[in-house]
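Student: First, the structure itself, so that you have it in front of you.
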């Protein structure tokens, strides 16, 4: 109810502040007898961790994860899996400047107003650092999905006004290789270079820039999603909108679909060569009536620019007086290269949850 | 868990099929001592009901609501409020054509696959008829919000490629009057005429067209929204994405925000003449860190075109064989004029829920 | 959250007041393709309905149930099943005497204090009339359990100080026949006569008396119950304690178990002739570590005497002044004969819920 | 859903196995600005920890708690509070004897059957060690209740057939002092000596014995508890029944109430000298219609004897063959002296949760 849990059956609860002792997550509801590949979980975390390249924040965190419970002799036991990531870079003095002053477009003002208290160091609980816990949990969800042959894969499709060509994922491994071949995590090599150049320019100016992540879910079985409120895309949308800095979500035909006609948009059903029901087009984005139809699921996530910029800005302080906030803090010129891992993690968690939900009721 | 409930503290559960005996809703968690204006609830339903104008479906339903419980001598008692809307137009024979055949881009195939059974008459549970129950519940939420001085107001901002000029709501009553002065429910009179013309053209062709609804929430207090997963905009997004035919949601700067720089996007804090903290711009859309900051909230909802068109289409049947679906059923050329009421209802429910959630924890 | 829902996956939400238009229930999460035997549901309601015999309340209610949704051509579809029971005996004037006065050991005072308003007619929402909705939902759960071969059966084991001999249920049908052969619903014929005599004496004195119901669950599969908080017996206990007038619950060895030694209480594991693991004794009451072990589950439920008695009593009124409450209202001298149906319904709902919960996680 | 969470608004999720790295708990929903007294939390844990006296288990655990998040400069911030208790005594080899063999009346068989895997070391997740996490969370709840002037206090009222005289708690501090003056934690000194003698005898025989804990909640405000399923005593009952080894719960008049008449059982309302509404008797146990009425709440919890005894017992192994289980493991002759802390913790959690729930809806 206090908002720190996500999922119904494959349920996670995260905890921890940016500059506290540690952050972490409890996964409650992971099926038993899943082989836990700790190295894989760490690799997923490494894609999100700070300091990966010149175009991301330079905070020093190894983001080393420990499993405290729920795994026995390498396998899940059906009991809660607690994972802990100690905070290493705790130079909280760096944040004294925003102790009594509200940083523009950060959560300082709203947290202070809501709770009457806040851990101001690096944004405390509102820091995107919390998403590392999600990535750890999402990695576990991915291990579960792998058993079912389901793939979740995303990449950076836009930075500012630079858009990658519309991607199709025919071979997941190949797509990931292409994406990982550049530091911006765009599967199109040429676009990637433009993006990197733009981010680097923005970085040098002490500024930040927004972008978009596009995600694909392949081999999702028919039947995931619960009508009428817990439609699969509604849960995916909420998952994405819960990620820091996200301002928009659409799936399938998306916002463009609102300009189309029914005769154009309707996805005609066909049988493929194996007798499986498929659709000729996929404007539905793999979901009809809120339930997966077996086609690929695709969606897009829009991230606003990071609020921390390296220039001084006007603001007000806790006393309500005009003040100036210093251009300090960890500079992360563009969040989307690291956000790819978070988008995938949240998508994997939604699919894992709905896989379990679909075990019931029929 | 089965997906028919929405909200945590102001919680609704809907039931009913398109051509069953009745549809309805239980509202569990409405505070006590709210004056219940049945006429107001009926008026809200009238904005969603079919047969309002030439540009909507011609199904005959008065959508008359009855309250079965939870209200005593005109006031809520804190116990569950059950509301019932009998179905009047039950000519289910009209739907024999889709008994064994899957209509393209409808939920026939996914429901049948998920449950192994479905009420095929008019789409059964997957019909947008279910949203009448939401509007009834949303009307109750609005009565609660009125007590707090909070307004939720929406209009049709696009039909196909026709976009209304960006609206600002300075006077809610006036905005609603403008919107209700035309059958497409767009607050800009000139655009409205273009939209109506387009829909009418599409209608005559037996086709359908998509559109967008823009919604504003005014006078929302600071502090609504729960970090980290139940961010206010994440719950608004889920609410909107749970409405039939919705394919996209964004708020504040939205998708456009992903093209911006931080120096441009950051909303500078100021004091207004009364000493209240406001922001100079509002790219945050009234929400920062997932929590309302007291500025107006605004968001957009993209609807795909209705799948029922009046021309025959290829498809497959329940046996998996190629088949043809007849161009029959209720023709609703454009859903957005009626969807305005649904968007407002769901937004009101989210705000009511978070108002109650914000009563706790501090 | 407002307390009118029960269950996680097989979830019910009840609504309605004693003297309102109707009471009812939504069952959300009943699996699809269950054959719905409306006659059976009505029979279950008939066991709970008032006016069955001289020893129960004489309120006139046929308790006729209607199904509004979720059933198509006689089968469940996986969508919410709404059931409605109109109130027929609405002589609410009979309750003017407790409009401003708090009846001792009723919920008048606490509801008024909590909500600042209450429907005083017959106790409003706090009336045991609400349990009819539970029995309807429980009947549906029983239809689901029947498919799995699971039986839930209860009887009256005590009235006042009269205790039936400890029962064993070897043949469920026979046990039910014996129980239904007398109006107090005790499976032991001789004890039943004593009980009836006692209740009749109490009734003539305008008084009421408490009693106990013992319930058995047979053929429950191994594995139901979720550690650590949602132990099967914890959920059964909550279900029973949520029934009006219940003041105690124990299972297996129960309160007596607290006087025993481990060497005596431990249930030794054995193989039966079919190689199935059983236990020699069953002090565990069929549940170990909160999870069913395949042995019969048994528990007991203690009901306090009904608070409505036919003599005047001292009390206070809404103004906080000393007052007298008239010995009026529906006289129900002993609630346990009708409570058998409620206990069975709630037990069936818990088992149905945990059957579904056990579909997941392994 | 997987059962490791408790509470709706003041919500806890526990994790950890008996012989894993650590156990712990996340408290999500603790109000902000509560002063956190770590020493107090540790003292509560010390009342539950093993090795306190000769009559409890001799496992060596300091049960030292660390707070990882949610507390800033000594106060809660409204964000999740994670607490960690490392396991120190991890001699898991001591448990090799029950790796493939099911200990009678333990959860070995049911866990293995449910999950197809189990951490057999010391019972893994089913160990009562998990309750330390509850006590830590309960201590936090107590700090919150202290702000409201609410006291939760329990003592051992029975061991085997030895019953303490019915206690009344006039002075909480004095009651606690009396209770803590003896190792069995019974507030009646003479009975305590008898109990200690009995437990010591049982201990020397390598056997175990059951007992009862009685708990009182004082100064609970009117209005806690949600009709109809989440009655205050139903949630208390579930909380208690979720504690390892508990087989029974009753409150107020309890099981004895089922033998009484209404004329005797009804609690007459009166005004006290301050004009506050009270009742002459308190058979209702401070709860009417599921809602607290301002009188003291009292309830009793029955614990079966601990299953681990120091003699060999017949059983079956994982292969389903007859086997013998060795009389090994940690010998805890009577669990109730330590269970006092657990009962108080769970009661405090229920009251904290309902305090928050009662902030809403009126």
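Residue numbers (full-length UniProt numbering), protein chains in the order written: chain A, 1 to 362; chain B, 1 to 362; chain C, 1 to 362; chain D, 1 to 362. Where is the CB? At the ideal position from N, CA and C, for every residue including glycine. On a predicted model such as this, the values are computed, not experimentally measured, just so you know.
Which residue comes first and which comes last in the alpha helix (DSSP H) that contains residue 193/B?
Tutor: Run containing residue 193/B: 189–204, per the alpha helix (DSSP H) assignment.
Student: Could you check the C-alpha separation between residue 115/D and residue 33/A for me, to the nearest Å?
Tutor: 8 angstroms
Student: Going by beta-carbon coordinates alone, are residue 301/B and residue 340/B separated by less than 7 angstroms?
Tutor: It is not a contact, given that the beta carbons lie outside the stated cut-off.
Student: Specify, as a first and last residue, the run of the beta strand (DSSP E) that residue 313/C falls within.
Tutor: 313–316
Student: Could you have a look at residue 223/A and say whether DSSP puts it in helix, strand or coil?
Tutor: coil
Student: Which residue wins for smallest C-alpha separation from residue 174/A, given the options 54/A, 151/A, 125/A and 338/A?
Tutor: Ranking 54/A, 151/A, 125/A and 338/A by Cα distance to residue 174/A puts 151/A first.
Student: What residues of chain F sit near residue 17/D, judged by a beta carbon separation below 9 angstroms?
Tutor: The structure shown contains no chain F; its protein chains are A, B, C and D.
Student: Would you list the one or two residues that DSSP bridges to residue 217/B?
Tutor: 152/B and 297/B
Student: Quick one: does the C-beta of residue 41/B sit closer than 6 angstroms to a heavy atom of the ligand GDP?
Tutor: The ligand GDP is absent from the structure shown, which contains no ligand whatsoever.
Student: To which residues of the same chain is residue 225/B closer than 7 angstroms at the C-beta, ignoring the five residues directly before and after it?
Tutor: 231, 232, 287, 290, 291, 292 and 354
Student: Which whole-angstrom value is the C-beta distance of residue 196/D and residue 183/D, which I expect to be below 8 angstroms?
Tutor: 6 angstroms
Student: Closest Cβ-Cβ distance between residue 117/D and chain A: below 7 angstroms?
Tutor: Yes, its Cβ sits closer than 7 angstroms to a Cβ of chain A.
Student: Verify the CB distance criterion: does residue 336/B have a CB-CB separation below 7 angstroms to chain C?
Tutor: no
Student: When we look at the beta-carbon of residue 272/C and count the other beta-carbons within 10 Å, is it buried (16 or more) or exposed?
Tutor: exposed
Student: Return the Cβ separation of residue 307/D and residue 266/C in integer angstroms, given the expectation that the two are a contact with Cβ distance under 8 angstroms.
Tutor: 6 angstroms
Student: What residue range does the beta strand (DSSP E) around residue 83/D cover?
Tutor: 81–86
Student: Which residue's Cα is closest to the Cα of residue 41/D: 67/D, 314/D, 309/D and 274/D?
Tutor: Of the candidates 67/D, 314/D, 309/D and 274/D, the one whose C-alpha sits nearest the C-alpha of residue 41/D is 67/D.
Student: I'd like to know whether the C-beta atoms of residue 18/A and residue 124/A end up nearer to each other than 7 angstroms.
Tutor: It is a contact, given that the beta carbons lie within the stated cut-off.
Student: Work out the CA separation of residue 130/B and residue 57/C for me, nearest whole Å.
Tutor: Roughly 40 angstroms between the two C-alpha positions.
Student: My output table needs one value for residue 39/D: the three-state DSSP class, helix, strand or coil.
Tutor: helix
Student: Could you check what DSSP says for residue 17/A in three-state terms: helix, strand or coil?
Tutor: coil
Student: Kindly list, in the order they appear in chain D, the residues whose Cβ is closer than 8 angstroms to that of residue 359/B.
Tutor: In chain order, 359 and 360 make up the part of chain D whose C-beta sits under 8 angstroms from the C-beta of residue 359/B.
Student: Starting from residue 230/B, follow its DSSP beta bridges and name the residues at the other end.
Tutor: 226/B
Student: Could you say if the region 72–82 of chain B and the region 65–81 of chain C meet the contact criterion of at least three C-beta pairs nearer than 8 angstroms?
Tutor: no
Student: In terms of DSSP beta bridges, what is residue 251/D paired with?
Tutor: 299/D
Student: Closer than 9 angstroms, Cβ to any Cβ of chain D: which residues of the region 28–49 of chain B, in chain order?
Tutor: 29, 30, 31, 32 and 33
Student: Pull up the DSSP beta-bridge partners for residue 324/B, would you.
Tutor: 314/B
Student: Starting from residue 270/D, trace the beta strand (DSSP E) both ways and give me its first and last residue.
Tutor: 269–271
Student: Hey, is residue 1/D's beta-carbon within less than 7 angstroms of any beta-carbon in chain A?
Tutor: yes
Student: Against residue 8/A, what residues of chain B qualify as contacts under a CB-to-CB distance less than 9 angstroms, listed in chain order?
Tutor: Within 9 angstroms Cβ-Cβ: 1.
Student: Please go through the same chain and pick out, in chain order, the residues whose beta-carbon is closer than 8 angstroms to the beta-carbon of residue 321/A, but skip the five residues on each side of it.
Tutor: none
Student: What three-state label does DSSP hand residue 141/C in the structure shown?
Tutor: Three-state result, residue 141/C: helix.
Student: For a quick check, are the C-beta atoms of residue 205/C and residue 135/C less than 7 angstroms apart?
Tutor: no
Student: Grab the span of the beta strand (DSSP E) containing residue 22/D for me, first residue to last.
Tutor: 22–28
Student: Assuming the contact rule is C-beta atoms closer than 8 angstroms, residue 299/C and residue 215/C should be a hit. Round their C-beta distance to whole Å, please.
Tutor: 6 angstroms
Student: Taking the alpha helix (DSSP H) that residue 172/A belongs to, which residues open and close that run?
Tutor: 172–180
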